[in-house]
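Asks: Provided herewith is a single structure, encoded as structure tokens, for subsequent inquiry.
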Amino acid sequence: MSEHGQWDSSLSFIFAMIGAAVGLGNIWRFSYVLYSNGGGSFFIPYLIAIAMMGIPFLILEYAVGFSFKDSFSNILKKINPKYEIIAWILVSFVFIVVIYYMVILSWDLVYLLSSFTFGWGTDTVSYFTHTVGGSSNLESAGFLLIPTTVCVALLWVVLWFISHKDVDQGIGKFSKILIPSLFVIMGFIIIYALTLPGAGIGINTLLTPDWSKLLDVNIWLAAFAQIIFSLSMGQAIAVTYASYLPENSRLTDNVLIVVASNSLFEVCTAFGVFSILGYMSHTAGTPMIQLITEGTGLIFIVFPMIFNIMGPIGRVLAPLLFLAILFAGITSALGFLEPMLNSLAIKLNMSRKKAATILSIIGCVFSLMLTTGISSYLVGIIDSFVNEFGILILIGVQCIIFAWFYGLDKFIPILNENGILKVGTLWKTVIKY
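Numbering (my numbering), first residue to last: 337 to 769.
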């Protein structure tokens, strides 16, 4: 029999939400987005996006989950039975995310294990291509790569071990361990990076403003997209997590804490990333423009190359970085899994353990299918489809359902009962329009 869980305190919820928000994109994507969209001038659209999109929509998601205290599928069903199918489409999209997300985490685990001996050697491009599937050659698709296959299976076992427990004893307990550890590790890496020779070159490159770009609509779209994906908005994670909150929770205050923590983490990480790139430019004489990239290229090709020339400290920083990425990835993966897990358990009236077991087996099988020689190529295709089309459309659908068909006025008394930040007409206007 399925029972709707509850956090033992708002602290568990806050750490879980920070864990869901702070993920791989904060570490390997934001610095590139900041640099390529006007440098220091990007902070203007970024802060506006937080104020107009991040905070208001996250408040809505918290209010929905806290008010209904039910699974995402049941919430939409209660509003209108016809909307239940929309909920299942959304949680299915998010479940697809966790399937390929675990593949990326398996690459990180491979690199974490390799980092103690610098197993990637001097040719980091070749190592990435042959070890974790960085090829786009379809002829390489016919075989599984043993290192990533083993790591994918291991990571799904870890995800099952955490998620099958009661929400507070599983996600809540581990988030309170992993998130502080993540912040401490990244804090150490960032502080050390800022002391490296050439760090100033990197910081200057990152922050040099290009004010003319503020007139480019694509810069504003990039800012709003960064906030949407960085905070995992519209993916039913916040709604599901908020449904576990105890009474008298300070919803709006929790939103501010999560948003501030997420932004602080990704901005500080960007400083660390570009400080290390500046060090490489200074030490090896490589132009910054040749080093700046995002995603897997940055973490799995450029950074190992930099660690190679760092000497003994590189053998310390490399494992720490890949461990931090692993922690960030696991807490995010738990968030991606939870909407489907909770909805399935309640829909089929089964135990949380059984639902977690079923989803972990299904997820693991599909993740293993992506551990071929073109793993990176396949993950890129799926990621583009889900994020650039599916999630954005479903965010708009949710705004219409909750704002126009259900009504935002029903949430305002609940939101304003506790907390410093109060909502009213301005909040309703932003959500509706």
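Yeah, the Cβ is synthetic: ideal placement off N, Cα and C, and Gly gets one too. Predicted model only: the values in this text are computed from it and were never measured.
Taking DSSP as the reference, what is the three-state secondary structure of L714?
Replies: Within the sequence shown, numbered from 1, the residue matching residue 714 stands at position 378. Of the three classes helix, strand and coil, the one that applies to L714 here is helix, per DSSP.
Asks: Excluding sequence positions up to five away, which residues of its chain have a Cβ less than 7 Å from the Cβ of H618?
Replies: Here residue 618 corresponds to residue number 282 of the sequence shown, with the count starting at 1. Taken in chain order, the residues that qualify are P533, G534 and I537.
Asks: From S579 to I411, what does the alpha carbon distance come to, in whole angstroms?
Replies: Residue 579 sits at position 243 when you count from the first residue of the sequence shown. Residue 411 sits at position 75 when you count from the first residue of the sequence shown. Using only the alpha carbons, I get a separation of about 10 Å.
Asks: Would you grab the beta carbon distance between S703 and M438 for me? Rounded to a whole angstrom, and I think it's under 8 Å.
Replies: As a first step, residue 703 is located in the sequence shown; it is residue number 367 there, counting from the start. As a first step, residue 438 is located in the sequence shown; it is residue number 102 there, counting from the start. Contact flag correct, Cβ pair sits at about 5 Å.
Asks: So, helix, strand or coil for L770, using DSSP?
Replies: The structure shown does not extend to residue 770, since the chain spans only 337 to 769, so no value can be given for it.
Asks: Whole angstroms are fine: how far does the CA of V594 sit from the CA of V358?
Replies: In the sequence shown, counting from the first residue as 1, residue 358 sits at position 22. In the sequence shown, counting from the first residue as 1, residue 594 sits at position 258. Computed Cα separation, rounded: 9 Å.
Asks: DSSP three-state label for T605, please.
Replies: If you number the sequence shown from 1, residue 605 lands on position 269. T605 falls in the helix class under three-state DSSP.
Asks: Where does S462 land, buried or exposed, given buried means 16+ other C-beta within 10 angstroms?
Replies: Looking up residue 462 in the sequence shown gives position 126. By the neighbour-count rule (16 or more Cβ atoms within 10 Å), S462 is not buried but exposed.
Asks: Under 6 Å Cβ to Cβ from C604, same chain only, skipping five residues before and after it: list those, please.
Replies: Indexing the sequence shown from 1 puts residue 604 at position 268. Cβ neighbours of C604 beyond the five flanking positions: I526.
Asks: DSSP state of T460, grouped into three classes?
Replies: Position 124 of the sequence shown, counted from the first residue, corresponds to residue 460. Residue state, collapsed to three classes: helix.
Asks: Report the three-state DSSP secondary structure of T544 (helix, strand or coil).
Replies: Working through the sequence shown from its first residue, we reach residue 544 at position 208. Here T544 sits in coil by DSSP.
Asks: DSSP beta-bridge partners for L480?
Replies: The count along the sequence shown starts at 1 and reaches residue 480 at position 144. BP columns for L480 point to T708.
Asks: Can you tell me where the alpha helix (DSSP H) with G523 in it begins and where it stops?
Replies: Locating residue 523 in the sequence shown gives position 187, where the first residue counts as 1. K509 to L530 is the extent of the alpha helix (DSSP H) around G523.
Asks: For a test of the three-state rule: what should DSSP assign to E753, helix, strand or coil?
Replies: As a working mapping, residue 753 is identified with position 417 in the sequence shown. E753: helix per DSSP, three-state reduction.
Asks: If we call anything under 8 Å between Cβ atoms a contact, is G361 one with S585?
Replies: If you number the sequence shown from 1, residue 361 lands on position 25. If you number the sequence shown from 1, residue 585 lands on position 249. In this structure, S585 does not lie closer than 8 Å to G361 by Cβ.
Asks: Keeping to the same chain, check which residues put their C-beta closer than 6 Å to that of A325; ignore five residues upstream and five downstream.
Replies: Because residue 325 is not part of the residues shown, which for the chain are 337 to 769, the question remains open.
Asks: Please state the DSSP three-state secondary structure of F366.
Replies: Translated into the one-based positions of the sequence shown, residue 366 becomes position 30. Correct three-state label for F366: helix.
Asks: Return the CA-CA distance between L714 and L706, expressed in angstroms with no decimal places.
Replies: Position 378 of the sequence shown holds residue 714. Position 370 of the sequence shown holds residue 706. Cα-Cα distance, rounded: 7 Å.
Asks: Excluding five sequence neighbours on each side, which residues of the same chain lie with their C-beta closer than 8 Å to the C-beta of F366?
Replies: Reading the sequence shown from its first residue, position 30 is the one you call residue 366. If we look at F366 and ignore the five residues flanking it on each side, its Cβ neighbours are Q562, S566, E602, V603, T605 and A606.
Asks: Helix, strand or coil for T485 per DSSP?
Replies: Residue numbering aside, residue 485 sits at position 149 when the sequence shown is read from its first letter. T485: helix per DSSP, three-state reduction.
Asks: Measure the alpha-carbon distance for G621 versus Y615 and round it to whole angstroms.
Replies: Translated into the one-based positions of the sequence shown, residue 621 becomes position 285. Translated into the one-based positions of the sequence shown, residue 615 becomes position 279. Between G621 and Y615, the C-alpha separation is close to 9 Å.
Asks: Looking only at C-alpha atoms, which of K683, H340 and P392 sits nearest to L757?
Replies: As a first step, residue 757 is located in the sequence shown; it is residue number 421 there, counting from the start. Among K683, H340 and P392, the Cα nearest to that of L757 belongs to P392.
Asks: Suppose contacts are defined by Cβ-Cβ distances below 8 Å. Is A664 in contact with L518 by that definition?
Replies: The sequence position of residue 664 within the sequence shown is 328, counting from 1. The sequence position of residue 518 within the sequence shown is 182, counting from 1. Closer than 8 Å, so yes.
Asks: Among N752, F721 and I748, which has the Cα closest to the Cα of I432?
Replies: Along the sequence shown, read from residue 1 onward, the residue named residue 432 stands at position 96. Selected option, being the one with the closest Cα: F721.
Asks: Using a threshold of 8 Å, state whether the C-beta atoms of I515 and I507 are closer than that.
Replies: Along the sequence shown, one-based indexing puts residue 515 at 179. Along the sequence shown, one-based indexing puts residue 507 at 171. No, these two residues do not count as a Cβ contact at 8 Å.
Asks: With 16 other CB atoms within 10 Å as the buried threshold, where does Q734 fall?
Replies: Here residue 734 is taken as the residue at index 398 of the sequence shown, counted from 1. Classification of Q734: buried, given that the 10 Å Cβ count is 16 or more.
Asks: Suppose only complete runs of 4+ residues qualify. What are the alpha helix (DSSP H) ranges in the stretch 391-462, listed by chain order?
Replies: Counting whole runs of 4 or more residues, the stretch 391-462 contains the alpha helix (DSSP H) stretches 391-404, 408-415 and 420-451.
Asks: My output table needs one value for D745: the three-state DSSP class, helix, strand or coil.
Replies: The count along the sequence shown starts at 1 and reaches residue 745 at position 409. It is helical.
Asks: When you compare each of W364, L744, I415 and C487 to V701 by their alpha carbons, which one comes out closest?
Replies: In the sequence shown, the residue the question calls residue 701 occupies position 365. Checked all of W364, L744, I415 and C487; the closest Cα to V701 is C487.
Asks: Considering only residues of the same chain and omitting the five flanking positions on each side of A739, which have a CB-CB separation below 7 Å?
Replies: Here residue 739 refers to the residue found at position 403 of the sequence shown. Only I767 and K768 meet the Cβ criterion.
Asks: Per DSSP, what kind of secondary structure is R651 in: helix, strand or coil?
Replies: The residue given as residue 651 occupies position 315 in the sequence shown. Note: R651 maps to helix in three-state DSSP.
Asks: Cα separation between N373 and F429?
Replies: Residue 373 sits at position 37 when you count from the first residue of the sequence shown. Residue 429 sits at position 93 when you count from the first residue of the sequence shown. About 29 Å.
Asks: In angstroms, rounded to a whole number, what distance separates the CA positions of S687 and L680?
Replies: On the sequence shown, position 351 is the one that residue 687 refers to. On the sequence shown, position 344 is the one that residue 680 refers to. Those two C-alpha atoms are separated by around 10 Å.
Asks: Count the other C-beta atoms from every protein chain shown that fall within 10 angstroms of the C-beta of P582, then say buried if there are 16 or more, exposed otherwise.
Replies: Residue numbering aside, residue 582 sits at position 246 when the sequence shown is read from its first letter. P582 is exposed by the Cβ-count criterion.
Asks: Indicate the three-state DSSP secondary structure (helix, strand or coil) for L723 in the structure shown.
Replies: To locate residue 723, count along the sequence shown from 1; it is residue 387. The residue asked about is misnamed: residue 723 is Asn in this sequence, not Leu. DSSP places N723 in helix when its eight states are reduced to three.
Asks: If we ignore side chains and look at the alpha-carbon of each, how far apart do M646 and L441 end up?
Replies: The sequence position of residue 646 within the sequence shown is 310, counting from 1. The sequence position of residue 441 within the sequence shown is 105, counting from 1. Looking at the two C-alpha atoms, the distance is approximately 25 Å.
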